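Take a look at the structure below.
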Amino acid sequence: MLVFGVDIPLVEVIFTIAVLIIIILVEAVVMLFVFIKQMNKMKNVVTSLENTYHLTSHAKREVLERGSLVLERKEESKQGSKTDADKKEESKRNSK
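Position 76, counted from 1, in the sequence shown is what numbering that gives the first Met the number 0 calls 75; the numbers after and before it change by one each time, with no gaps.
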């Protein structure tokens, strides 16, 4: 086969093109495996982030509930101490 006046064997050209195509295909397959591996890692990271978000929101909810329970208990203890003091005053008044 003559290309620009130079005799180039057609078999070698086809062989070279075939080798280049095979190298490119192998490289593409390797890249796909790398991308799939990275996607799996990213999926794990995203699920971990979602889990931590749910755990922290649950923990915040518990803290808020406990805080409100503590406030309610403090209010109840204040009310309870008032009623105890009232009972003592009433018992003193009754004993006089």
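By construction, the Cβ of each residue, glycine as well, lies at the ideal position given by its N, Cα and C atoms.
Treat the numbers as computed from the prediction; the structure is a model and nothing was measured.
Identified DSSP bridge partners for residue i
i	result
Val2	Val5
Nearest-angstrom Cα separation, counted from residue j out to residue i
i	j	result
Thr51	Asn39	18 Å
Pro8	Glu26	28 Å
Glu11	Phe3	17 Å
His57	Ile20	55 Å
Lys42	Arg60	27 Å
Met30	Ile23	10 Å
Leu63	Thr55	12 Å
Arg65	Thr46	28 Å
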